[in-house]
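Before any comments, here is the structure.
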Amino acid sequence: MTLTAELAERIPQLVEFLSEEHGGAVVIPLYRDDRDNKWIMPMGGVFVPYQNEVSAYVPGEASVGARLIIDRYIKAGVPAHKLRQFRVAAFALLPEMFDHMVSQRSHAEVYAQIASDAQDEVAMLFQTGVMLNCANVTVPEIAAPKMLNKKRVAKGKQPFFSYRVLQIQAPRGVRAVAGGGGHAAPRAHLRRGHIRRLEGRTVWVRPAMVNLEASGVLGAVEKDYALMSVKS
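In this text, residue positions in the sequence shown follow our numbering: the first is 22, and each later residue adds one.
Laid out in structure tokens, this is it:
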């Protein structure tokens, strides 16, 4: 959701973010408990300013919160030079739970936990933004038929809303090739969709089968996936 004055009134901790020149998005990582069949409100959420920049992680220059989050990746074996950071601010939604956590840990650690809990949702927000920013992606609006809505309103029914369809055009000059650079031609395989940065623009390349003509000689690569439970 986008931060508005009305939302900031409901969550006082967000008021200070209203001064952000270009605004931002509020991310609240709701999750569902299938055992109780209900949605659960998290301890807090994060505010992501639209005026943002992904930069290299420099431990000596990073904030305490950023270090608390990123140190987990370093301990897991991710090289520091591969890590990136961007501006984000955490806030509490459940004061009682927040105060209880602060009584056991520092404010910085609790805010870092809130930000960490929202990482997946923030990642989806960034990826959606990158996708919509591609030169070959359009989102035209499909309006509901006026006469149909007129009849529905006359009958006391809710009118249909307009909606948008994300459309992806194949980038010009980009096509699948049989071989690959300086190595042997690969077996036929499915290449997943991905972002491609060209000179002066970014495009989305749709998934496609690669090197189909070689499948009769080299065979094809078939992939399968298995989900494994991890005991804590």
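Even for Gly, the Cβ is constructed at its ideal location relative to N, Cα and C.
Looking at C-alpha atoms only, which residue of the options is the closest neighbour of residue i?
{"i": "Ser40", "options": "Pro70, Leu187 and Val174", "result": "Pro70"}
{"i": "Arg108", "options": "Val160, Asp120 and Tyr78", "result": "Tyr78"}
{"i": "Tyr52", "options": "Gly44, Met64, Ala46 and Gly45", "result": "Met64"}
{"i": "Gly81", "options": "Asp92, Val160, Val75 and Ala46", "result": "Asp92"}
{"i": "Leu24", "options": "Val47, Ala165, His43 and Arg185", "result": "Val47"}
{"i": "Arg218", "options": "Val123, Tyr132 and Cys155", "result": "Cys155"}
{"i": "Gln148", "options": "Val75, Met122, Leu104 and Arg56", "result": "Val75"}
{"i": "Ala101", "options": "Ala83, Lys59 and His121", "result": "Ala83"}
{"i": "Gln106", "options": "Leu153, Asn73, Val224 and Asn157", "result": "Asn73"}
{"i": "Arg88", "options": "Ala165, Gln134, His43 and Lys178", "result": "Gln134"}
{"i": "Met168", "options": "Met152, Phe181, Gly98 and Val158", "result": "Phe181"}
{"i": "Ala110", "options": "Leu153, Glu37, His43 and Arg213", "result": "Glu37"}
So residue i packs on residue j, CB below 8 Å; how close in whole Å?
{"i": "Ala129", "j": "Gly86", "result": "6 Å"}
{"i": "Leu114", "j": "Ile32", "result": "7 Å"}
{"i": "Ile95", "j": "Ala136", "result": "Contact flag wrong, Cβ pair sits at about 16 Å."}
{"i": "Ile163", "j": "Tyr184", "result": "5 Å"}
{"i": "Phe68", "j": "Leu35", "result": "6 Å"}
At what residues does the alpha helix (DSSP H) containing residue i begin and finish?
{"i": "Asp138", "result": "His128 to Asp138"}
{"i": "Phe119", "result": "Pro116 to Val123"}
{"i": "Arg53", "result": "Where Arg53 is concerned, there is no enclosing alpha helix (DSSP H), although the beta strand (DSSP E) it sits in stretches over Tyr52 to Asp54."}
{"i": "Ala83", "result": "Neither: Ala83 is in no alpha helix (DSSP H) and is coded neither H nor E."}
For a test of the three-state rule: what should DSSP assign to residue i, helix, strand or coil?
{"i": "Ile90", "result": "helix"}
{"i": "Arg212", "result": "strand"}
{"i": "Val151", "result": "helix"}
{"i": "Lys176", "result": "coil"}
{"i": "Arg218", "result": "strand"}
{"i": "Ala156", "result": "coil"}
{"i": "Ala46", "result": "strand"}
{"i": "Glu162", "result": "strand"}
{"i": "Ser183", "result": "coil"}
{"i": "Val195", "result": "Confidence at Val195 is low in this model, with a pLDDT of 45, below 50, so its placement is unreliable and the value that follows should be read with caution. Three-state result, Val195: coil."}
{"i": "Ala144", "result": "helix"}
{"i": "Ala97", "result": "coil"}
{"i": "Val224", "result": "strand"}
{"i": "Val75", "result": "coil"}
{"i": "Gln188", "result": "strand"}
In terms of residue numbering, what span does the beta strand (DSSP E) encompassing residue i cover?
{"i": "Val67", "result": "Gly65 to Pro70"}
{"i": "Ala26", "result": "Ala26 -> not in any beta strand (DSSP E); alpha helix (DSSP H) instead, spanning Ala26 to Arg31."}
{"i": "Lys59", "result": "Lys59 to Ile61"}
{"i": "Ala247", "result": "Note, Ala247: premise wrong, no beta strand (DSSP E); not H, not E."}
{"i": "Phe112", "result": "Ala110 to Ala113"}
Determine, using beta-carbon pairs with one atom in the segment 142-160 and one in the segment 42-57, whether at least three such pairs fall under 8 Å. yes
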